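Chemist:
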Amino acid sequence: MSKHTVVHKGIQIEYALTRKSVKYLNLRINAQGKVSVSAPAYAAFSDIEAFVQSRADWIITHIAKAEQRKNALPSREIFDGKSVYFLGKPYVLQISQGPRHIAIQGQTIHIHSLCTQAEGIKAEYMEWLMGQAKHVFPAVLEEMYPFAEPYRIPKPHLTIRNMRSIWGSCSPHNGSIRLNLQLIKADRLCIREVVCHELAHFRYPNHGPQFYALLGELMPDWAEARERLKTMYRDGI
Numbered sequence: 003m004s005k006h007t008v009v010h011k012g013i014q015i016e017y018a019l020t021r022k023s024v025k026y027l028n029l030r031i032n033a034q035g036k037v038s039v040s041a042p043a044y045a046a047f048s049d050i051e052a053f054v055q056s057r058a059d060w061i062i063t064h065i066a067k068a069e070q071r072k073n074a075l076p077s078r079e080i081f082d083g084k085s086v087y088f089l090g091k092p093y094v095l096q097i098s099q100g101p102r103h104i105a106i107q108g109q110t111i112h113i114h115s116l117c118t119q120a121e122g123i124k125a126e127y128m129e130w131l132m133g134q135a136k137h138v139f140p141a142v143l144e145e146m147y148p149f150a151e152p153y154r155i156p157k158p159h160l161t162i163r164n165m166r167s168i169w170g171s172c173s174p175h176n177g178s179i180r181l182n183l184q185l186i187k188a189d190r191l192c193i194r195e196v197v198c199h200e201l202a203h204f205r206y207p208n209h210g211p212q213f214y215a216l217l218g219e220l221m222p223d224w225a226e227a228r229e230r231l232k233t234m235y236r237d238g239i
């Protein structure tokens, strides 16, 4: 992979070029606004630059949209007075020095820590969130699995990871589903929807009509929950 830059209307566009065993030139922009181009091994560099230039207006527009999304994301740092969500409800973090302890009181999550650095406090808070998720997520799976069992869907093993791009995933070949730790910010309706979504994938690995028909059987109000999830951010704390 190599980095290159073209200039369009005075704006520099940086892109990463990778030569692959492909027939055509392809261009992608990820969620962070990074531009990547894949090209056949035999493609002339002048043709690649012309290809990027021909899509320059589209690239600039999408990079701007990515910047707007990044600016809209909540800060990933932790600090006293930060607004956070837990199980669908808003809270304010209150951080103080003292023996390690985290508890919810009213609309406040109290974090007592002996750490003086934000990273240490954040690690303790993330550990607390993981502890909460290990209690809530399996309980939701136990609640929703009986709806899936009649469809001969095997009861899966559950794992939890802090992920950036997806709410959940499934691996039918090893009988497991994975949920995003950030889902603990959502209410139980949303958590149920993600669990049912992954259970349905054990029967239908795609998002075709049969998949959504089964999802509707498992959870008739899944669409409402999915709309709520669209307003939430996976990033941050």
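First residue of the sequence shown? That's 3 in this note's numbering, and the numbers climb one at a time after it.
Glycine residues also receive a C-beta, built at the ideal position from the N, C-alpha and C atoms.
A quick note: this is a predicted structure, and the numbers were derived from the prediction, not measured.
Straight-line CA distance for Ser-23 to Ile-50?
Modeler: If I take the Cα positions, the gap works out to 15 angstroms.
Chemist: Note down the Cα distance separating Arg-57 from Tyr-206, rounded to an integer number of angstroms.
Modeler: Rounded to whole angstroms, Arg-57 to Tyr-206 spans 37 angstroms at the Cα level.
Chemist: Determine the extent of the alpha helix (DSSP H) in which Ser-48 is found, giving its start and end residues.
Modeler: Here the alpha helix (DSSP H) through Ser-48 covers 47-56.
Chemist: What are the complete beta strand (DSSP E) segments, minimum 3 residues, inside the segment 88-136?
Modeler: Counting whole runs of 3 or more residues, the segment 88-136 contains the beta strand (DSSP E) stretches 91-99, 103-107 and 110-115.
Chemist: Apply the 10 Å Cβ neighbour rule to Asn-182 and answer buried if 16 or more other Cβ atoms are within range, or exposed otherwise.
Modeler: Buried, because 16 or more other Cβ atoms sit within 10 Å of the Cβ of Asn-182.
Chemist: Go through its chain and collect everything with a Cβ distance to Glu-244's Cβ below 8 angstroms, but skip five positions before and after it.
Modeler: The first residue shown for the chain is 3 and the last is 239, placing residue 244 beyond what the model contains.
Chemist: What does DSSP give as the partner residue(s) for Tyr-214 in the beta ladder?
Modeler: In DSSP, Tyr-214 forms no bridge with anything.
Chemist: Please return the same chain residues whose Cβ sits closer than 7 angstroms to the Cβ of Ile-123, not counting the five positions on each side in sequence.
Modeler: Around Ile-123: Ile-80, Ile-97, Ile-113, Ser-115 and Cys-117.
Chemist: Which partner residues of Pro-174 appear in the DSSP bridge assignment?
Modeler: According to DSSP, which records beta bridges pairwise, Pro-174 is partnered with nothing at all.
Chemist: From Tyr-37 to Ile-106, what does the alpha carbon distance come to, in whole angstroms?
Modeler: The residue asked about is misnamed: residue 37 is Val in this sequence, not Tyr. So the alpha carbons of these two residues sit roughly 43 angstroms apart.
Chemist: Considering only the alpha carbon of each residue, which of Lys-25, Cys-172 and Tyr-17 lies closest to Asn-32?
Modeler: Checking every option, the nearest Cα to that of Asn-32 belongs to Tyr-17.
Chemist: By the three-class DSSP mapping on this structure, what secondary structure does Tyr-44 have?
Modeler: If DSSP states are grouped into helix, strand and coil, Tyr-44 belongs with coil.
Chemist: What separation, rounded to the nearest whole angstrom, lies between the Cα atoms of Tyr-214 and Cys-198?
Modeler: Distance between the alpha carbons of Tyr-214 and Cys-198: 11 angstroms.
Chemist: Buried or exposed, going by whether 16 or more other CB atoms sit within 10 Å of the CB of Ser-40?
Modeler: Ser-40 is buried by the Cβ-count criterion.
Chemist: In angstroms, rounded to a whole number, what distance separates the CA positions of Glu-151 and Lys-157?
Modeler: So the two alpha carbons sit approximately 7 angstroms from each other.
Chemist: Across which residues does DSSP place Ile-80 in a beta bridge pair?
Modeler: In the DSSP output, where bridge partners are listed per residue, Ile-80 has none listed.
Chemist: I believe Cys-172 touches Phe-204 by the beta-carbon criterion, under 8 angstroms. Please report the beta-carbon distance rounded to the nearest angstrom.
Modeler: About 6 angstroms separates the two Cβ atoms, so the contact holds.
Chemist: Mapping the DSSP letters down to three states, classify Leu-220 as helix, strand or coil.
Modeler: Helix at Leu-220.
Chemist: Compute the Euclidean distance between the alpha carbons of Val-196 and Arg-190, then round it to the nearest angstrom.
Modeler: C-alpha separation (whole angstroms): 10 angstroms.
Chemist: Measure the beta-carbon distance from Leu-89 to Ile-186 and round it to whole angstroms, keeping in mind my assumption that it falls under 8 angstroms.
Modeler: Indeed, because the Cβ distance is near 7 angstroms, the residues count as touching under 8 angstroms.
Chemist: Going by C-alpha distance, which of Arg-154, Pro-148, Leu-143 and Phe-149 is nearest Ile-179?
Modeler: When each option's Cα is compared against that of Ile-179, the closest is Leu-143.
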